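Protein chains in written order, with the numbering used here: chain A, 40 to 150; chain B, 1342 to 2272.
For each residue, glycine too, the CB sits at the ideal point set by N, CA and C.
Remember, it's a predicted structure, so these values are computed and weren't measured experimentally.
Heads up, the thing below is written out as structure tokens.
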């Protein structure tokens, strides 16, 4: 099952970031990458190309769903939204990420 | 519903084309947006912004690949590649492809036909609402498994009252009647006299009016009739005011009350229904007309419940029943099975199906051996692939996919041929069985059949592909890799291969003479039937006279048969008289049977001193007289014919005279049967029964029944003598043109049979178009006189020949495929031997061996196998020919066998030719270089 390995930080974190971003609003791929960049004040920059395989993977496991929509400036775009199980997974993953971060911090700050 | 979302997403992603297009759209949108933003924030021009956005996105192709992998379709690409490779390999070895496809297609076609027939007979419920709950109930004699339908009428009421497992119970029987209505030609129909409950069980609504109701069955109720849509459209042009009109069935008038839809043929294949009015009180127990009883099971009740309840009734009644009716057992079985010959033998049929499926496995193994020989040639390729890291399962999968292409094509061809065969059978059965052919029987392609064929294809592919693949990828792979440089695969052909080639040659040799015999016979009979007798302008039809209170063919025999016979003869003769007056008729005559369909009987001659084994008899004729050697009785056929019969059909008189009018009158007026009845016999009769001597004036009579032969050596005193007055040439018969029946013809007299045939020769019009006039004329003679099976004589003679042709074509196809398989086997064996003996041949050539020695060396192996196969096949063929066709050793049979041997030898040489030439071309220096 996806996102069950808290130590798999690199891959896990992208999924977590996407889930978190989509929990705010339905969004297209480019919007997701922009939003992550904005919120993290440019610290986290998603590799744009690898975002789509991640989205496909999450869609396949039923965490998110997608449909065609129209943007503000009238362009056709694929919008992703969180499913109920995606929302549950976000809760679980947030918790385990925080545990992971606390653990990591504890190890790194040990003298 | 996360699993539902996930499933939906997976299904959407499965379509490669759609998901690629979607990804392209998304990338385009993404890069556009990114480029716009770059242009906005940095002020570069659009092209530059686009370039940077693309770089930022990363390698598009790489991401696309990751996406495809993510969809889990990588194996699909692999399979596609394997299948493409498979097609390419088949194209590379066309010989193997043709042989493999043909061999397996024959097996698939045979499997298909068997499946179609078994499924039709045993696999279907009747196509009505809840058809699986409708059952047939019948009393059976446990000792003989015969159905005692004459007892059903008396049990019907009891079953209705005391078997709670039946929700509704119904009965029917069929009678043949002329359907006579205004403005349409009279036509014989099989009327279903069915209880109203039968319609309620069927649950099919009429399209017009009503179906039958219980009141219609009351004595004294107005006679009513329900017709089917096709009768309504053909005879009443679909007129909706048909309800209330009157028609006649024979002489009885009936009012039409309803029209049933065209798809409804219940209870068998019926178009006209009248109320069931048989009264059990009118018949003594066990002597009622035969009827069939069916029922719908009550909710929750099973067939065995019904059977138990009915059996209980029966056992109670046994105490009071007459002796001959005791011990009958009621049986309840699905309605649809009631019309298959043996409802309880369904499992036997499935066993046959299984055995026939095994045929494919046998042929598959055969093809597998051929594939193995080719795979052996690819041993090097397999070894290299293994070295490059291909797993064993990967290579096996690839070889399986290749074989699947082969068996898939074979399955498609087999299915096509099989469905063609089934269609032929459908047409043939409908012609031969007519209204007795249940309306839900369709020998067609069904979903089940397609699935069955797919399974056959998979099994075939597994046998053909996986067996050689496992062999080829076995432990020896590494060793072969080492030997690779030395040429030759190093794989071996085992004893199984040798046995198989021997067996194939043997089978081909066994079947060849039988097929050859079939061809010769077919051509001869065709010539005889087409050229000698003018049958093309003739039509024949069966004449029946309705006899009231008789339940069609299976009803009671009336006690006084003579009156009925006389009435029949009178009406038939009147019909002929009227027909002869018709300007479109050049001749009309009566006979008791269509040529070839004469009634069989056993006769003895006026003297038994003669030895029947005479030199003038052909072996075939002798074989058909099993009883003659002991008691000089002969199986012959007899027909009563109009004196003009021989002249009309142009059957030449060989000796004596033909029959004439005075013969018929003499026979009719001789009530004491003291005078011998004059007969004309055909040439085979004269040749066989009287050894070709002078037969005029010789006498024969009916042989006593074989059971009482010991106690009653002579014929019964009352049996008349038949005296031969003439001999005619043989009239090619209908059923088996090849069988030369011994036929005797007696005059068709006044006291004719109850069923006769009228033959009409038309003038200026096609015989087929005369059927309507014939019916009208017969109804004008008497509405009770029915014309059945009115067809051109050629058509009547043909269906039987058609069946022969189908069997013969099937046999020929089978022999061809066996021949091809054995030729391919010999070819592969030779090629393989030469490949393995390259170096040896090279050395021999280098040492100065000539072409002849080389050929002898390489051919000896194949020659030995063909030789053994030939020997075994010859023995089997001789046995088969003697057993089936009654051959003995004669010059002709020796010539045929010699021909077969030469032919098989030629096949062997042709098959070995190419490999042998390849052996001659081996260059010694090339072959030895690997040393």
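Inset, instruction - Spatial neighbours of residue 1903 of chain B within its chain, please: CB distance less than 6 Å, with the 5 preceding and 5 following residues excluded, ordered by chain position. - result: Position 562 of the second chain, counted from the first residue, corresponds to residue 1903 of chain B. The answer is none, since no qualifying residue turns up.
Inset, instruction - Go ahead and label residue 1504 of chain B buried or exposed: buried means 16 or more other beta carbons lie within 10 angstroms of its beta carbon, across all protein chains shown. - result: Within the second chain, numbered from 1, the residue matching residue 1504 of chain B stands at position 163. The residue in question, residue 1504 of chain B, is buried, as its Cβ has 16 or more Cβ neighbours within 10 Å.
Inset, instruction - Kindly indicate which residue of B:1392, B:1608 and B:1980 has the alpha-carbon position closest to the one of residue 1777 of chain B. - result: Here residue 1777 of chain B refers to the residue found at position 436 when the second chain is read from its first residue. Nearest of B:1392, B:1608 and B:1980 to residue 1777 of chain B, Cα basis: B:1608.
Inset, instruction - State the start and end residues of the unbroken alpha helix (DSSP H) segment that holds residue 1496 of chain B. - result: The residue you call residue 1496 of chain B lines up with position 155 of the second chain. Note, residue 1496 of chain B: alpha helix (DSSP H), 1493-1503.
Inset, instruction - Decide if residue 1576 of chain B is buried, meaning its Cβ has at least 16 other Cβ atoms within 10 Å, or exposed. - result: Taking the first residue of the second chain as position 1, residue 1576 of chain B is located at position 235. Its Cβ being crowded by 16 or more others within 10 Å, residue 1576 of chain B is buried.
Legend entry - Helix, strand or coil at residue 1452 of chain B [DSSP, three-state]: Counting from one through the second chain, the residue named residue 1452 of chain B turns up at place 111. In the structure shown, residue 1452 of chain B sits in a helix (DSSP, three-state: H, G or I).
Legend entry - Opening and closing residue of the beta strand (DSSP E) in which residue 1776 of chain B lies: Here residue 1776 of chain B refers to the residue found at position 435 when the second chain is read from its first residue. Residue 1776 of chain B -> no beta strand (DSSP E), and no H or E assigned at all.
Inset, instruction - Compare the beta carbon distance of residue 1364 of chain B and residue 1408 of chain B with 8 Å and say whether it is the shorter of the two. - result: Taking the first residue of the second chain as position 1, residue 1364 of chain B is located at position 23. Taking the first residue of the second chain as position 1, residue 1408 of chain B is located at position 67. Cβ atoms of residue 1364 of chain B and residue 1408 of chain B: closer than 8 Å.
Inset, instruction - Show which residues of chain B have a CB atom less than 8 Å away from the CB atom of residue 69 of chain A. - result: Walking along the first chain from the start, residue 69 of chain A turns up at place 30. Under the 8 Å cutoff, chain B gives 1370, 1371, 1374 and 1375.
Inset, instruction - Would you verify that the beta carbon of residue 1361 of chain B is, or is not, closer than 8 Å to some beta carbon of chain A? - result: Locating residue 1361 of chain B in the second chain gives position 20, counting from the first residue. Chain A contact via Cβ: absent.
Inset, instruction - Please report how far the alpha carbon of residue 1569 of chain B lies from the alpha carbon of residue 1613 of chain B, in whole angstroms. - result: Taking the second chain and counting its residues from 1, the one referred to as residue 1569 of chain B is at position 228. Taking the second chain and counting its residues from 1, the one referred to as residue 1613 of chain B is at position 272. For residue 1569 of chain B and residue 1613 of chain B, the distance between alpha carbons rounds to 6 Å.
Legend entry - residue 2125 of chain B (DSSP reduced to helix, strand or coil): Counting from one through the second chain, the residue named residue 2125 of chain B turns up at place 784. In the structure shown, residue 2125 of chain B sits in coil (DSSP, three-state: anything other than H, G, I, E or B).
Inset, instruction - Determine, using beta carbons only, whether residue 81 of chain A comes closer than 8 Å to chain B. - result: On the first chain, residue 81 of chain A is found 42 positions in, with the first residue counted as 1. Closer than 8 Å: no.
Legend entry - Distance, residue 1582 of chain B Cα to residue 2127 of chain B Cα: Here the question's residue 2127 of chain B lines up with position 786 in the second chain. Here the question's residue 1582 of chain B lines up with position 241 in the second chain. In this model, residue 2127 of chain B and residue 1582 of chain B are separated by some 28 Å (Cα to Cα).
Inset, instruction - With DSSP as the reference, please indicate the residues paired to residue 1882 of chain B in a beta bridge. - result: Here residue 1882 of chain B refers to the residue found at position 541 of the second chain. B:2099, per the DSSP bridge assignment.
Legend entry - C-beta neighbour in chain A for residue 1407 of chain B, strict 8 Å: Along the second chain, read from residue 1 onward, the residue named residue 1407 of chain B stands at position 66. Judged by the 8 Å Cβ criterion, residue 1407 of chain B is in contact with chain A.
Legend entry - Local conformation of residue 2089 of chain B per DSSP, three classes: In the second chain, the residue the question calls residue 2089 of chain B occupies position 748. Three-state DSSP puts residue 2089 of chain B in coil, outside helix and strand.
Inset, instruction - Give me the Cβ distance between residue 1284 of chain B and residue 1709 of chain B, rounded to the nearest whole Å; I'm assuming they're in contact under 8 Å. - result: Residue numbering for chain B in the displayed model covers 1342 to 2272; residue 1284 of chain B lies beyond these limits and cannot be assessed.
Inset, instruction - Decide if residue 2048 of chain B is buried, meaning its Cβ has at least 16 other Cβ atoms within 10 Å, or exposed. - result: In the second chain, counting from the first residue as 1, residue 2048 of chain B sits at position 707. Because residue 2048 of chain B sits at a pLDDT of 45, beneath the cut-off of 50, its placement in the model cannot be relied upon, and the point is left open.
Legend entry - Pick from B:2096, B:1442 and B:2248 that is closest to residue 1748 of chain B, judged by C-alpha positions: As a working mapping, residue 1748 of chain B is identified with position 407 in the second chain. Nearest option by C-alpha distance: B:1442.
Inset, instruction - Going by DSSP, name the residue or residues bridged to residue 1564 of chain B. - result: Locating residue 1564 of chain B in the second chain gives position 223, where the first residue counts as 1. Bridge pairing for residue 1564 of chain B: absent [DSSP].
Inset, instruction - Measuring alpha carbon to alpha carbon, tell me which of B:1508, B:1918 and B:1432 ends up nearest residue 1641 of chain B. - result: The count along the second chain starts at 1 and reaches residue 1641 of chain B at position 300. For residue 1641 of chain B, the nearest C-alpha among the options comes from B:1508.
Inset, instruction - Compare the Cα-Cα distances from residue 2096 of chain B to each of B:1690, B:2005, B:1806 and B:1885 and report the closest residue. - result: Translated into the one-based positions of the second chain, residue 2096 of chain B becomes position 755. With respect to the C-alpha of residue 2096 of chain B, the residue from B:1690, B:2005, B:1806 and B:1885 having the closest C-alpha is B:1885.
Legend entry - Inter-residue Cα distance where the pair is residue 1371 of chain B and residue 68 of chain A: Position 30 of the second chain, counted from the start, is the residue given in the question as residue 1371 of chain B. Position 29 of the first chain, counted from the start, is the residue given in the question as residue 68 of chain A. Approximately 7 Å, taken between the alpha carbons.
Legend entry - Reference residue 1855 of chain B, options B:2224, B:2113 and B:1785, closest by Cα: By 1-based counting over the second chain, the position of residue 1855 of chain B is 514. Looking at the Cα atoms, B:2224 is the closest of the given residues.
Inset, instruction - Tell me whether the beta-carbon of residue 1785 of chain B lies closer than 8 Å to the beta-carbon of residue 1453 of chain B. - result: Locating residue 1785 of chain B in the second chain gives position 444, where the first residue counts as 1. Locating residue 1453 of chain B in the second chain gives position 112, where the first residue counts as 1. The beta carbons of residue 1785 of chain B and residue 1453 of chain B sit no closer together than 8 Å.
Legend entry - chain B contacts made by the stretch 105-117 of chain A, where a contact means CB separation under 7 Å: Listed by position, the residues of the stretch 105-117 of chain A near chain B (Cβ gap below 7 Å) are 114, 116 and 117.
Legend entry - Other residues of its chain near residue 2056 of chain B: CB distance less than 8 Å, five sequence neighbours each side excluded: Against the second chain, residue 2056 of chain B aligns to sequence position 715. For residue 2056 of chain B, the pLDDT reaches just 46, beneath the cut-off of 50, and the residue's location in the model is therefore unreliable, leaving the point undetermined.
Inset, instruction - Determine the burial state of residue 86 of chain A: buried for a count of at least 16 other Cβ atoms within 10 Å of its Cβ, exposed for fewer. - result: Mapped onto the first chain, residue 86 of chain A falls at position 47. Result: exposed.
Inset, instruction - Name the one or two DSSP bridge partners that residue 108 of chain A has. - result: Locating residue 108 of chain A in the first chain gives position 69, counting from the first residue. A:116, per the DSSP bridge assignment.
Legend entry - Euclidean distance between Cα positions of residue 1547 of chain B and residue 1920 of chain B: For the purposes of this step, residue 1547 of chain B is identified with residue 206 of the second chain, where counting begins at 1. For the purposes of this step, residue 1920 of chain B is identified with residue 579 of the second chain, where counting begins at 1. One C-alpha to the other measures close to 40 Å.
Legend entry - Minimum Cβ-Cβ distance from residue 47 of chain A to chain B less than 8 Å: For this step, residue 47 of chain A is matched to residue 8 along the first chain. For residue 47 of chain A, the predicted model reports a pLDDT of 41, less than 50, meaning its position is unreliable; a value from the coordinates is still stated below. By this cut-off, residue 47 of chain A is not an interface position.
Legend entry - Local conformation of residue 1891 of chain B per DSSP, three classes: On the second chain, residue 1891 of chain B is found 550 positions in, with the first residue counted as 1. Its pLDDT being 43, under 50, residue 1891 of chain B is placed unreliably by the model, and the measurement read from it follows with that caveat. Reduced to three states, the DSSP call for residue 1891 of chain B is coil.
Inset, instruction - Report the rounded CA-to-CA distance for residue 2266 of chain B versus residue 2238 of chain B, giving the unit in angstroms. - result: Counting from 1 along the second chain, the entry for residue 2266 of chain B is found at position 925. Counting from 1 along the second chain, the entry for residue 2238 of chain B is found at position 897. Computed Cα separation, rounded: 46 Å.
Inset, instruction - Kindly provide the ranges of any beta strand (DSSP E) runs that are 3 or more residues long and lie completely inside the stretch 1617-1663 of chain B, ordered along the chain. - result: With a minimum length of 3 residues, the continuous beta strand (DSSP E) runs that stay inside the stretch 1617-1663 of chain B are 1633-1638.
Inset, instruction - List the residues of chain A that residue 1367 of chain B touches, going by C-beta distances under 7 Å, in chain order. - result: In the second chain, the residue the question calls residue 1367 of chain B occupies position 26. The contacting residues are 68, 91 and 117.
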